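J.: Residue numbers (this note's numbering): 17 to 353. Here a beta-carbon is modelled for each residue, glycine too, at the ideal position from N, C-alpha and C. Since the model is a prediction, treat every value here as computed from it, not as a measurement. Mind having a look at this structure? Questions to follow.
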């Protein structure tokens with residue numbers, strides 16, 4: 017895959033192999049998956065508002081075992097404020113989410129946001145519950161530090177369709193800069209074991225992807241990163257840099273600029289449910305600054321179709337980010353190369 021094969025989208029830069037992998041998912045998951053992806057394109061263009069979100073991200077713990085400099089988990093004051101008092105999402109609340117989503121035929125769920133899902137001891141059981149509830153596209157993102165062989169065996173049989181490995185490096189030296197608290201040798205071995213076990217068991221799914229945030233540490237090494245990882249996983253993806261205002265602007269990529277054409281489609285696509293039940297309308301670092309409800313008090317349907325969400329969509333259709341301090345900060349700190 018040459019550099020000309022890289023395609024840029026608002027949030028991501030990815031290889032054309034994505035189209036081939038969509039064919040694999042369509043083959044494995046059938047017509048309902050194809051219909052979901054058509055709907056996903058429509059909501060991503062902000063053309064329609066569905067009765068219920070197509071995608072639910074659940075942040076089961078709010079915690080992470082790494083302290084990466086590009087993430088709020090790597091900044092002590094932000095991490096403390098973010099989820100210091102959280103306990104894992106209550107299982108009864110989780111079941112409530114699944115039951116409601118099943119009733120509306122919600123097709124996609126993710127087991128991550130700004131946390132590490134493998135810290136959850138019953139993660140695999142919760143994934144299987146989501147599969148039983150009828151979710152088609154079941155996604156998790158992990159830093160792979162806790163991905164033991166035992167957990168690999170459980171995960172591959174659990175029903176996940178995509179697993180994203182957040183690594184940001186292709187050697188030990190770079191890894192130490194961008195993934196504080198992890199060990200590159202261990203992570204590489206864990207990912208390679210996962211991919212080999214999947215191949216050994218002749219499994220098409222889950223699709224494996226390694227991601228890299230384009231920062232001052234990584235932006236000049238995109239080609240090297242791609243060449244190292246593309247033979248090991250199904251897909252390599254680069255994510256544009258989102259700064260945390262007042263904290264991480266200094267590590268944006270050299271030459272990167274705030275994207276003046278930036279638009280937001282999060283409130284048309286998804287909700288993020290945090291471990292305390294709070295619901296956010298997007299997965300941005302700033303999303304928790306716009307809490308639109310709590311599943312302890314309301315249904316997802318009520319929140320999704322409520323006045324708060326409607327108001328957010330109306331303002332975003334005007335490309336107005338000044339109505340919310342969180343949206344304003346997000347729009348001012350999203351950098352593209």
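In the DSSP assignment, what residue or residues form a beta bridge with residue 73?
T.: Note: residue 73 sits in a beta bridge opposite 126, 288.
J.: Give the range of the beta strand (DSSP E) segment to which residue 182 is assigned.
T.: Residues 178–182.
J.: Under the three-state reduction of DSSP, which class applies to residue 4: helix, strand or coil?
T.: One cannot answer for residue 4 here, as it falls past the ends of the chain, which runs 17 to 353.
J.: Can you list, in chain order, the residues of its chain whose CB lies under 6 Å from that of residue 304, leaving out five sequence neighbours each side?
T.: Excluding sequence neighbours, residue 304 sits near 296.
J.: With contact counted as at least three CB pairs below 8 Å, one residue from each stretch, are the region 210–224 and the region 233–253 in contact?
T.: Verdict: yes, contact present.
J.: Taking residue 289 as the reference, give the member of 63, 73, 56 with the closest Cα.
T.: It is 73.
J.: Do residue 102 and residue 310 come within 9 Å of each other at the CB atom, strictly closer than that value?
T.: No, the pair does not count as a contact, with Cβ atoms beyond the cut-off.
J.: Are residue 329 and residue 62 closer than 9 Å when you measure CB to CB?
T.: Yes, the pair counts as a contact, with Cβ atoms nearer than the cut-off.
J.: Are there 16 or more other CB atoms within 10 angstroms of the CB of residue 19, so buried, or fewer, so exposed?
T.: In this prediction, residue 19 has a pLDDT of 36, which is less than 50 and means its spatial position is unreliable; what the coordinates show is noted afterwards. Exposed: under 16 other Cβ atoms inside 10 Å.
J.: Kindly confirm or deny that the region 325–344 and the region 230–243 touch, where touching means at least three C-beta pairs closer than 8 Å.
T.: Judged by Cβ distances under 8 Å, the region 325–344 makes no contact with the region 230–243, as fewer than three pairs qualify.
J.: Pick out whichever of 145, 189, 98, 171 has its Cα sitting closest to the Cα of residue 117.
T.: Measuring from the Cα of residue 117, the nearest candidate turns out to be 145.
J.: Rounded to a whole number of angstroms, what is the C-alpha to C-alpha distance between residue 321 and residue 279?
T.: Going by the C-alpha atoms only, they are around 21 Å apart.
J.: Can you tell which of 108, 193, 318, 301 has the C-alpha that lies nearest to the C-alpha of residue 85?
T.: The shortest Cα separation from residue 85 among 108, 193, 318, 301 belongs to 193.
J.: Report yes if the C-beta distance between residue 180 and residue 155 is below 9 Å; otherwise report no.
T.: In contact: residue 180 and residue 155 (Cβ atoms closer than 9 Å).
J.: Going by beta-carbon coordinates alone, are residue 259 and residue 351 separated by less than 9 Å?
T.: Taking 9 Å as the Cβ cut-off, residue 259 and residue 351 qualify as a contacting pair.
J.: Under the three-state reduction of DSSP, which class applies to residue 339: helix, strand or coil?
T.: Of the three classes helix, strand and coil, the one that applies to residue 339 here is coil, per DSSP.
J.: Name the residue from 40, 302, 318 whose alpha carbon lies nearest to the alpha carbon of residue 347.
T.: The option with the nearest alpha carbon to residue 347 is 302.
J.: For residue 282, I'd like the list of residues in its chain whose CB is within less than 8 Å of its CB, leaving aside the five on either flank, ordered along the chain.
T.: Excluding positions up to five away in sequence, the list reads 297, 298, 299, 300, 303.
J.: Can you find at least 3 beta carbon pairs, one from the region 197–212 and one from the region 266–275, that sit closer than 8 Å?
T.: In short, these stretches do not touch, since the Cβ pair count stays below three.
J.: Within the same chain, show all residues whose beta-carbon is closer than 8 Å to that of residue 69, passing over the 5 residues directly before and after it, in chain order.
T.: Hits under 8 Å: 122, 285, 286, 287, 316, 320.
J.: Rounded to the nearest angstrom, what separates residue 216 and residue 210 at their Cα positions?
T.: Near 10 Å, if we compare the C-alpha coordinates of residue 210 and residue 216.
J.: Counting pairs of beta carbons, one from the region 48–60 and one from the region 146–165, are three or more of them closer than 8 Å?
T.: Cβ pair count under 8 Å is three or more, so yes.
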